[in-house]
Amino acid sequence: MDAEQRTSYWKRNLRLMAILLVFWALVSYGAGILFVEPLNNFSIIGVPLGFWFAQQGSILTFLILIAIYVWRMDKLDKEFGITEYEEEVHHS
Amino acid sequence: MSTVQVWTLIFVAITFSIYIYIAYASRVSTTSGFYVAGGGIPAPANGAAIAADWMSAASFISMAGIIAFSGNGYSGSVYLMGWTGGYVLLAMLLAPYLRKFGKYTVPDFVGDRYSETARLIAVVCAIVVSFVYVAGQMSGVGVVFQRFLGVDTTVGVIIGMVIVFLYAVLGGMKGITWTQVAQYSVLIVAYLIPAFAISQKLTGIPVPQIGFGQIMEELNGLQADLGLAEYTGAFTQMNMLNMFLITAALMFGTAGLPHVIVRFYTAKSVRAARFSALWALFFISLLYLTAPAIGAFSKYNVLNDIPGTAIGSEPEWFKSWQDVGLITVNDLNGNGLIDVQGGLGDAFELAINNDIVVLATPEIAGLPAPIIGLVAAGGLAAALSTASGLLLVISSSVANDVYYKRINPQATEARQLMVGRIAMGAAIVVAGYLGINPPGFVAQVVALAFGLGAASFFPILVLGIFWKKCTAAGAAAGMVAGLGTTLAYQIWTIDIYGGSDGLFGINEVAFGAIGMVINFIVTIIVSQFTTKPTEAMQQLVEDIRYPGRSELVAAHAAGSLDDELLHDDHGDHGDHGGRKDES
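Residue numbers (full-length UniProt numbering), protein chains in the order written: chain C, 1 to 92; chain F, 1 to 583.
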């Protein structure tokens, strides 16, 4: 990768991270804590929604966020022609 | 011997033989194999190992009870969100970059990226956090043996020590990793079977995550009838500020715990490190999505069956836990009935120990004895897998970061390995002693370990990767400030010492999040006024951000880089055995 490609790779990585971390904060600190009371007026499978986010929804969302990250990073690497993966990284 | 004990013995014997066989089959003869399993573990296996390493006796045995019985349901969400949310941070902010850096331990990264002073502070943090944690695991092992096999706690802990010694010392990280994969399988099967059965029995729906919705309204109603706060009600027990800060402390603490981070060094490649985080959270969420359901089911059963029952005519499972003193009934009003008006706990007529909820679930649901034995084996697997991961962190910190890097850099591979094994043996003895004579506050201190992890490691790891100009003096000052303020606040507010209400009623665990912010601020400010990292170091930090081969990272990993290029303070890596200040 030349310098220009590096900058662009890093910027896209950071943007992806920033977007995913916004959702990470929204489901846990937002839906699970800050807005739990208004959300509890609705319900899902018989559980008040805010409570459900705090005990189930946030965990499911975390899983989806990491899956999206892993998938998008793979795509990004492919776009930049990265092929290191078959060789292992060694330790000192 | 009762049927339950026979089945427990059978399951324990079978599973322990498997663990030891695996350790024997994957024994190692290199330091890289011993510390990081040669860095060759495929992502799904690495993820299962992280899950087993991470889910301790506290997750397996105590969490469902803490959510349902010591809390009112909602307040226990801090553990669910906090302990899983940290993996999002690990996957995106730390795992791939630390793997590319390619070191053995967290202090190793800190020492290489910053300075020898920072390395020593990190070694102390890692050892303190790990010992605090491991003490709780060993005493958990003792409790399971005592309840299910009827042996003395001390004997139980010693059996646990011998088993861990056999597979950890023999196989090192490689043995531990594959053993943990087996232990994960045992613990998750043991956790899910009773959960599915009890959900089917109570709601007619075998999936506990859905079944628990069916009883929520009734449970809220039951709690209201008995004068307890609503199960799903928000902030009845813990205010919003503490909910916020505790969740944050557990999230950032997870991302700062040395025995979890070291797992990303065992991954095969940078890509495998990313996938390991995904697999880890997947395996963890199988248990974490089930725990709140088990808690709710148990509380529903207990509140349905017990209040108003005449003393002496309680169900069998109730009596058997009463016999070992983990359920206590105290007829305060002397009417011969168990009343729970106003609450549960020591000050009320009925007190239920949090730790029995998961272990008692099969009995409450009337499941057969083999399943009870399986659950006991699962609890042991959870405790022993975490204990072995922690012991490895302790021994690698001593053998690699202290002995090899500081005392004897010329040590041969065989000698380093021997020192690692001796350190492991010594750590097991100390852990066993702490397990037999637990400091009375183990449960509290385990939660505190997270606050300390968040306040000490997380900021300097993230800044070390994302901020090239973060300096050694900044990191050292930040760690000291974060850890110092957090420890001071915890000692000031924890019941057995200061017992103070603290500032704004902030809980002792919650303060870890504030300690972390202090660490960030101090690191950034001090970095402005101290010597910037060398050009080569800044280049190295930049290189770990990109996949693909980098000459610099490769040379660094091979140890062929001149230290003076990376650090202004010569004598790094213990070449002269002495230490110079980084500033």
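Yeah, the Cβ is synthetic: ideal placement off N, Cα and C, and Gly gets one too. Computed from a prediction, not measured in an experiment: that's the story for all the values here.
7 Å Cβ cut-off: residues of chain F touching residue i
i, result
"C/PHE42", "Near C/PHE42 there are no residues of chain F at all, since even the closest Cβ is about 12 Å away, more than 7 Å."
"C/ARG6", "TYR546"
"C/ALA67", "LEU278"
Own chain residues within Cβ distance below 8 Å of residue i, not counting five before or after
i, result
"F/ILE465", "LEU93, LEU94, TYR97, LEU98, VAL541, ILE544 and ARG545"
"F/SER320", "GLU363"
"F/ALA249", "GLY82, PHE450, GLY451, ALA454, VAL509, ALA510, PHE511, GLY512, ALA513 and MET516"
"F/TYR300", "LEU202, ILE215, GLU218, LEU219 and LEU222"
"C/MET17", "TYR69"
"F/TRP317", "ALA360, GLU363 and ILE364"
"C/PRO38", "GLY50"
Chain-ordered neighbours of residue i on chain F, where CB pairs are closer than 8 Å
i, result
"C/ASP77", "ARG271 and PRO547"
"C/ILE64", "The premise fails here: C/ILE64 is roughly 10 Å from chain F at the closest Cβ pair, so nothing lies under 8 Å."
"C/PRO48", "MET216 and THR232"
Whole-angstrom C-beta distance between residue j and residue i, which should lie under 8 Å
i, j, result
"F/ASN239", "F/TYR231", "At roughly 18 Å, the Cβ-Cβ gap does not stay under 8 Å, so F/ASN239 and F/TYR231 are not in contact."
"F/VAL134", "F/ALA387", "5 Å"
"F/ALA23", "F/LEU120", "The pair is not a contact, with the Cβ atoms about 32 Å apart (cut-off 8 Å)."
"residue 600 of chain F", "F/ILE506", "The shown model of chain F, from 1 to 583, leaves out residue 600 of chain F, and the question about it has no answer."
"F/ALA555", "F/VAL522", "Between F/VAL522 and F/ALA555 the Cβ distance is about 33 Å, and since that is not below 8 Å, they are no contact."
"F/THR290", "F/TYR433", "Not really, about 34 Å apart at Cβ, beyond 8 Å."
"F/PRO307", "F/ASP339", "7 Å"
Nonlocal neighbours in the same chain, by C-beta distance under 6 Å from residue i, ignoring five residues either side
i, result
"F/ARG421", "VAL169"
"F/LEU390", "SER130, TYR133, VAL134 and HIS259"
"F/VAL462", "LEU93"
"F/ILE67", "GLY76, PRO292 and GLY295"
"F/GLN137", "SER56, ALA57, ALA383, THR386 and ALA387"
"F/SER62", "ASN354 and ASP355"
"F/TRP7", "ALA369, PRO370 and GLY373"
"F/GLY256", "GLY453, ALA454, PHE457 and PHE458"
"F/TYR404", "ALA411 and GLN416"
"F/ALA267", "ASN46, ARG99, ALA273 and SER276"
"F/THR247", "VAL78, MET81 and GLY82"
"F/GLU582", "For F/GLU582, the pLDDT reaches just 34, beneath the cut-off of 50, and the residue's location in the model is therefore unreliable, although a value from the coordinates is still provided. Around F/GLU582: SER115, THR117, ALA472, ALA473 and ASP569."
"F/CYS125", "SER456"
"F/MET537", "LEU566"
"C/THR61", "VAL27"
"F/GLY484", "none"
"F/ALA489", "Reading the sequence as shown, one finds Tyr at residue 489 of chain F and not Ala. Contacts found: PHE511."
"F/GLY263", "In the sequence on display, residue 263 of chain F carries Arg and not Gly. Correct list, in chain order: ILE50."
"F/VAL303", "Reading off the sequence, residue 303 of chain F comes out as Leu, not Val. So the qualifying residues of the chain are LEU222."
"F/ALA64", "ALA291, ILE294, GLY295, VAL357 and VAL358"
"F/LEU90", "ALA255 and ALA277"
Own chain, CB closer than 7 Å to residue i, minus 5 neighbours either side, in chain order
i, result
"C/ARG12", "LEU76"
"F/HIS576", "Caution is warranted here: a pLDDT of 36 is assigned to F/HIS576, below 50, making its placement in the model unreliable, and the coordinate value is therefore given only provisionally. Correct list: empty, nothing qualifies."
"F/SER285", "THR84"
"F/GLY395", "It should be noted that the sequence gives Ser, not Gly, for residue 395 of chain F. Within the same chain, F/SER395 has close Cβ partners GLY420, ALA423, MET424 and ALA427."
"F/VAL553", "LYS100, LEU540, ASP543 and ILE544"
"F/LYS174", "SER26, VAL28, GLY33, ALA37 and GLY38"
"F/ASP331", "ILE311 and GLU349"
"C/LEU65", "LEU20, PHE23 and TRP24"
Residue i: contacting residues in chain C (beta-carbon distance under 8 Å)
i, result
"F/THR247", "SER28, TYR29, GLY32 and ILE33"
"F/GLN209", "GLN56"
Interface residues of chain C facing residue i [CB-CB closer than 7 Å]
i, result
"F/GLY213", "ILE45, GLY46 and VAL47"
Chain-ordered neighbours of residue i on chain B, where CB pairs are closer than 8 Å
i, result
"C/ALA54", "Absent from the structure is chain B; the protein chains it does hold are C and F."
Partner residues on chain F for residue i, Cβ-Cβ distance less than 9 Å
i, result
"C/ILE59", "LEU80, MET81, THR84, GLY85, LEU281, ILE284, SER285, TYR288 and LEU289"
Contacts that residue i makes with chain C (C-beta to C-beta distance below 9 Å)
i, result
"F/PHE244", "TYR29, ILE33 and LEU34"
"F/MET240", "ILE33, LEU34 and VAL36"
Next on the checklist: Give me the subset of the stretch 73 to 91 of chain F whose CB atoms are less than 7 Å from a CB atom of chain C, sorted by chain position.
Outcome noted: Answer in chain order: TYR74, SER77, LEU80, MET81, THR84, GLY85, TYR87, VAL88 and ALA91.
Item to check | alpha helix (DSSP H) runs wholly inside the stretch 259 to 291 of chain F, at least 4 long, in chain order | outcome: As far as the stretch 259 to 291 of chain F is concerned, its whole alpha helix (DSSP H) runs of at least 4 residues are 270 to 288.
Next on the checklist: Beta carbons nearer than 7 Å to chain C: which residues of the stretch 275 to 291 of chain F have them?
Outcome noted: Those would be PHE275, ALA277, LEU278, LEU281, PHE282, SER285, TYR288 and LEU289, in chain order.
Next on the checklist: To test your reading of the DSSP string, which unbroken alpha helix (DSSP H) runs of 4 or more residues are found completely within the stretch 166 to 253 of chain F?
Outcome noted: Runs of the alpha helix (DSSP H) inside the stretch 166 to 253 of chain F: 208 to 225.
Item to check | Selection of the stretch 21 to 32 of chain C by Cβ proximity to chain F, strictly under 8 Å | outcome: Within the stretch 21 to 32 of chain C, the residues whose Cβ lies closer than 8 Å to some Cβ of chain F are LEU21, TRP24, SER28, TYR29 and GLY32, listed in chain order.
Next on the checklist: Please list, in chain order, the residues of the stretch 367 to 400 of chain F that have any C-beta partner in chain C closer than 7 Å.
Outcome noted: Residues: none.
Item to check | Segments of 3+ residues assigned as beta strand (DSSP E) that fall wholly inside the stretch 322 to 353 of chain F | outcome: You should have 327 to 329 and 350 to 352.
Next on the checklist: Restricting to runs no shorter than 3 residues, where is the beta strand (DSSP E) found entirely within the stretch 347 to 419 of chain F?
Outcome noted: The stretch 347 to 419 of chain F contains, as complete beta strand (DSSP E) runs of 3+ residues, the segments 350 to 352 (chain order).
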